[in-house]
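Visitor: Input: one structure, supplied below.
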Amino acid sequence: MNTGYHQNVILEVKNLHSKVGDKEILKGVNLSIEKGEIRSIIGVNGTGKTTLAAIIMGLEGYNPSNGGIFFEGKDITNISLTERAKRGITLAWQSPARFEGITVREYLSIGASKNDVENFLKFVGLAPNLYLNRVVDEKLSGGERKRIELASVFSIRPKVVILDEPDSGIDMASIHAIINVIRKFKKMGTATLLITHNEEMAKIGDKVSLLCDGKVLKEGETEEVIKFFKQNCKICNHIGQIDEELLK
Amino acid sequence: MNIDYSKEFEYLVKTYEKTGDDASPLMDSKYDSLVINQDRVLAKNETEGIKIETKKIKDGVSLKVYIKEGIVKPLPVHLCFGMLPREGKQVIKSEFFVGKKSKVKFISHCSFPNAKHIIHIMDSKVHIEDGAEMEYTETHYHSKEGGVETYPKLRGRIENGGRLKEEFKLVVGRVGLLKIDYEVEQLKKSICELDTKVYGKENDRIEIREALLLNGEYASGLAKSRVVLKDKSYGNVLGEVQGNAPYTRGHTDCQEIVYGENAVAYSTPNISVKNSLAKITHEASIGRIDKKEMETLMARGLNEEEAVDLIVKGILK
Ligand SMILES: Nc1ncnc2c1ncn2[C@@H]1O[C@H](COP(=O)(O)OP(=O)(O)O)[C@@H](O)[C@H]1O
Ligand SMILES: [Mg+2]
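Protein chains in written order, with the working numbering: chain L, 1 to 248; chain S, 1001 to 1317.
Spelled out as structure tokens, the structure:
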């Protein structure tokens, strides 16, 4: 693993710890992501994946108790959410927010020119004429909402995008569209942190990091890590009690 | 067309356009229209199937609008009420008669662009006959000084199978003091929707009462309000729905967003059922702007203020 700064490294997480009250959620996470890389972060429920996403993005209430985050070689641990977004990091939530009265057209014009909104929708496989005037509220299905979120992510041309469980709560057609989009992000040179608890989804990663009990338990070749995950983690209901034998 | 092309008219048209709406129908003879400044009728235009009677009263104008039975108005009727001076009082007493099976839409603008202290009383009665449909949207434009007191009062009655959709919007300029009192009686199979949107700032005071009396079988109604309270403004919303007949369905939906340190919001749903086959529901929320909505927009690069503006604009649209 490459922990030092390297030309191709865009995002680094170093020895990241975080607490909720007295409970430690992240216990020293290290990650090093390269430009244009698809990195799957796999782990069963409750291992700290969403917490990690929130800390990298800089959401309110999520602060590291130790360690730091580096973007393009610069320490961003203490800069604001907006500033991180402006530098090129963004996040798509597991269940995206709904907005009363804001149309898809307006929503997709936030960080880009109005003239491009049609392309943003085409990028995620949605027909512009069917969606541009719809409101980004509860009336959109889960899959539609998630695809619009990816269109919004695309609109700001990020350098790093964190996708928290992009495959959860949606239909098959949307899953295919989302996988397609992640591959297109790669072509653009955008690095993706693909957070999932589903090994099928994780397979599209160039590399996989397995998160367990707030730490990266295993990292490397996609096939190998997923095999390990299937054999050891899916049946494991003892979060917080890693069998040291497994690590050898 | 009978227009007094005075400066007042032009000035009112200009403020009308500041709400973002197109004022050209006020000068187009295809459209029915009525323009009143203070207690003077500046312009009036009537086309087929509509009659607008006006009369000067103390501090204002009384008007009666008749829509003939069976008439379907393809174009909206434009109403424009204003007070250009800084101080004064305007009383508009109006009565609308919407004949059987007719259909009409009113677009109304109220402009008080220079208000230092203005009292604006709107006292309306609406009669919607069997199977008739009326839509009424009222948009206010106030000065930035908060010197307007507005008292919109509506008493409506919708006969069997009739429909009324009423929208009130005051989001540009300061509110000042606003006391809305709407009450609509609904007969069999009638449908009513009341929708109020207000943006309070500084020490604005907003009191809203929306009441629906569902007195006929299968009548249905929605009393909806969206109030955003900034600075030290005050909002108090009362949503009243009564299910007094079998199979009536009613809902009151009030959302107040508070984002001033010293803003205060109250919300009271008052729902009742006098028939076991009626069903009335309510939802009300008072609170900050949703954190996830804010963070989503900020994760696309907006700062806090820009995110608030966009969310508020959506809610008050
Ligand atoms: N605000 C919170 N308060 C208390 N516990 C929390 C909070 N957020 C997360 N946790 C706990 O932190 C752990 C990790 O949560 P999370 O990051 O959501 O995991 P994952 O996304 O992998 O399912 C869980 O045990 C969860 O219960
Ligand atoms: Mg999660």
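Each residue gets a CB set at the ideal place from its N, CA and C atoms; glycine is no exception. This structure is a prediction, so every number in the text was calculated from the model and none was measured.
1) Out of S:T1019, S:K1064, S:N1045, state which residue places its alpha-carbon closest to the alpha-carbon of H1109 (chain S).
2) If contact means a Cβ-Cβ distance below 9 Å, which residues of the stretch 1286 to 1315 of chain S contact chain L?
3) Would you report the Cα separation of E1202 (chain S) and Y1031 (chain S), rounded to the nearest angstrom?
4) Could you give the distance in angstroms between the alpha-carbon of V117 (chain L) and the alpha-carbon of G1131 (chain S)?
5) Starting from E1295 (chain S) and walking both ways along the alpha helix (DSSP H), at which residues does that stretch end?
6) Do Y1011 (chain S) and L1084 (chain S) come within 8 Å of each other at the CB atom, strictly closer than that value?
7) The beta strand (DSSP E) with A1223 (chain S) in it runs from where to where?
8) Ligand 2 and D164 (chain L): does any heavy atom of the ligand fall closer than 7 Å to the residue's C-beta?
9) Which residues of chain S have a Cβ atom closer than 7 Å to the Cβ of I235 (chain L), listed in chain order?
10) Nearest chain S C-beta to E100 (chain L) closer than 8 Å, yes or no?
11) Around ligand 1, what residues have a beta-carbon under 6 Å from a heavy atom of it, in chain order?
12) Is the distance from the Cβ of P1152 (chain S) to the Cβ of I1118 (chain S) below 8 Å?
13) Residues in its own chain within less than 6 Å of Y1066 (chain S) by CB, not counting five upstream and five downstream?
14) CB-CB under 6 Å to I1208 (chain S), same chain, minus the five flanking residues each way: which ones, in chain order?
15) Pairing CB atoms from the stretch 140 to 160 of chain L with CB atoms from the stretch 86 to 96 of chain L, are three or more of them under 8 Å?
16) Enumerate, from N- to C-terminal direction, the unbroken beta strand (DSSP E) stretches of 3 or more residues contained entirely within the stretch 187 to 225 of chain L.
17) Out of S:L1310, S:I1311, S:T1150, S:T1296, point me to the one whose CA is closest to K146 (chain L)'s CA.
18) Check Q1186 (chain S) in the structure and name its three-state DSSP category.
19) Could you tell me which of S:N1270, S:V1273, S:D1039 sits nearest to D1059 (chain S), measuring between CA atoms?
20) Using DSSP with H/G/I as helix, E/B as strand and the rest coil, what is G1156 (chain S)?
21) Would M57 (chain L) pass as an interface residue toward chain S - the criterion being a Cβ-Cβ separation below 8 Å?
22) When DSSP labels each residue in this structure, what does I162 (chain L) get in the three-state scheme?
23) CB-CB under 6 Å to R1163 (chain S), same chain, minus the five flanking residues each way: which ones, in chain order?
24) Could one say the Cβ of K1317 (chain S) lies closer than 8 Å to chain L's Cβ atoms, at least one of them?
25) On the DSSP letters alone, give me the boundaries of the beta strand (DSSP E) that V1091 (chain S) sits inside.
26) Near S1272 (chain S), what residues of its chain come up, given a Cβ to Cβ distance below 6 Å and the 5 sequence neighbours on each side ignored?
27) Counting along the chain, where does the beta strand (DSSP E) carrying D1253 (chain S) start and finish?
28) Spatial neighbours of S1143 (chain S) within its chain, please: CB distance less than 8 Å, with the 5 preceding and 5 following residues excluded, ordered by chain position.
29) Should S1318 (chain S) and V1077 (chain S) be called a contact, given that it needs their Cβ atoms to be closer than 8 Å?
Guide: Let's see:
1) Taking the second sequence and counting its residues from 1, the one referred to as residue 1109 (chain S) is at position 109. For the residues S:T1019, S:K1064, S:N1045, the minimum Cα distance to H1109 (chain S) belongs to S:T1019.
2) So the list reads D1290, K1291, K1292, E1293, M1294, E1295, T1296, L1297, M1298, A1299, R1300, G1301, L1302, N1303, E1304, E1306, A1307, L1310, I1311, K1313, G1314, I1315, given in the order they occur along the chain.
3) On the second sequence, residue 1202 (chain S) is found 202 positions in, with the first residue counted as 1. On the second sequence, residue 1031 (chain S) is found 31 positions in, with the first residue counted as 1. E1202 (chain S) and Y1031 (chain S): Cα-Cα distance of roughly 38 Å.
4) One-based indexing of the first sequence puts residue 117 (chain L) at position 117. One-based indexing of the second sequence puts residue 1131 (chain S) at position 131. When rounded, the distance between both Cα atoms is 42 Å.
5) As a first step, residue 1295 (chain S) is located in the second sequence; it is residue number 295 there, counting from the start. Run containing E1295 (chain S): 1291 to 1298, per the alpha helix (DSSP H) assignment.
6) As a working mapping, residue 1084 (chain S) is identified with position 84 in the second sequence. As a working mapping, residue 1011 (chain S) is identified with position 11 in the second sequence. Cβ distance < 8 Å, so L1084 (chain S) and Y1011 (chain S) count as in contact.
7) If you number the second sequence from 1, residue 1223 (chain S) lands on position 223. Looking at the DSSP string, the run of the beta strand (DSSP E) that includes A1223 (chain S) is 1220 to 1229.
8) Residue 164 (chain L) sits at position 164 when you count from the first residue of the first sequence. Because some heavy atom of ligand 2 lies under 7 Å away, the Cβ of D164 (chain L) counts as near it: yes.
9) Taking the first sequence and counting its residues from 1, the one referred to as residue 235 (chain L) is at position 235. Within chain S, not a single residue places a beta-carbon under 7 Å from that of I235 (chain L); the smallest gap is close to 33 Å.
10) As a first step, residue 100 (chain L) is located in the first sequence; it is residue number 100 there, counting from the start. Yes, E100 (chain L) lies at the interface with chain S (some Cβ there is under 8 Å from its Cβ).
11) Applying a distance threshold of 6 Å between residue Cβ atoms and the heavy atoms of ligand 1 selects L:V20, L:I25, L:G43, L:N45, L:G46, L:T47, L:G48, L:K49, L:T50, L:T51, given in chain order.
12) In the second sequence, residue 1152 (chain S) corresponds to position 152, counting from 1. In the second sequence, residue 1118 (chain S) corresponds to position 118, counting from 1. Cβ distance not < 8 Å, so P1152 (chain S) and I1118 (chain S) don't count as in contact.
13) Looking up residue 1066 (chain S) in the second sequence gives position 66. For Y1066 (chain S), where only same-chain residues beyond five positions count, the Cβ hits under 6 Å are K1051, F1097.
14) Sequence index remark: in the second sequence, residue 1208 (chain S) carries index 208 (1-based). Annotation for I1208 (chain S): I1180, T1196, S1225, V1237 place their beta carbon closer than 6 Å to its own, counting only its chain and skipping 5 residues before and after.
15) Contact between the stretch 140 to 160 of chain L and the stretch 86 to 96 of chain L is present, because at least three Cβ pairs lie under 8 Å.
16) Within the stretch 187 to 225 of chain L, the complete beta strand (DSSP E) runs of at least 3 residues are 191 to 196, 207 to 212, 215 to 221.
17) Translated into positions along the first sequence, residue 146 (chain L) becomes position 146. The closest CA to that of K146 (chain L), considering only S:L1310, S:I1311, S:T1150, S:T1296, is found on S:T1296.
18) Taking the second sequence and counting its residues from 1, the one referred to as residue 1186 (chain S) is at position 186. Of the three classes helix, strand and coil, the one that applies to Q1186 (chain S) here is strand, per DSSP.
19) Within the second sequence, residue 1059 (chain S) is the residue found at index 59, counting from 1. The shortest Cα separation from D1059 (chain S) among S:N1270, S:V1273, S:D1039 belongs to S:D1039.
20) Mapped onto the second sequence, residue 1156 (chain S) falls at position 156. When DSSP states are grouped into helix, strand and coil, G1156 (chain S) belongs to the strand group.
21) On the first sequence, position 57 is the one that residue 57 (chain L) refers to. Answer yes: the Cβ-Cβ gap between M57 (chain L) and chain S drops below 8 Å somewhere.
22) Position 162 of the first sequence, counted from the start, is the residue given in the question as residue 162 (chain L). I162 (chain L) falls in the strand class under three-state DSSP.
23) Within the second sequence, the letter at position 163 stands for residue 1163 (chain S). Taken in chain order, the residues that qualify are E1133, I1191.
24) Here residue 1317 (chain S) refers to the residue found at position 317 of the second sequence. Yes, its Cβ sits closer than 8 Å to a Cβ of chain L.
25) Translated into positions along the second sequence, residue 1091 (chain S) becomes position 91. Per DSSP, V1091 (chain S) is one residue of the beta strand (DSSP E) stretching across 1087 to 1098.
26) For the purposes of this step, residue 1272 (chain S) is taken as the residue at position 272 of the second sequence. Q1242, listed in sequence order.
27) The sequence position of residue 1253 (chain S) within the second sequence is 253, counting from 1. From DSSP, the beta strand (DSSP E) with D1253 (chain S) extends over 1249 to 1258.
28) As a position in the second sequence, residue 1143 (chain S) is number 143, starting the count at 1. In the same chain as S1143 (chain S), and ignoring 5 residues on each side of it, the C-beta atoms closer than 8 Å to its own belong to F1112, P1113, N1114, A1115, K1116, G1173, R1174, in chain order.
29) Outside the shown range of chain S (1001 to 1317) lies residue 1318 (chain S), about which nothing can therefore be said.
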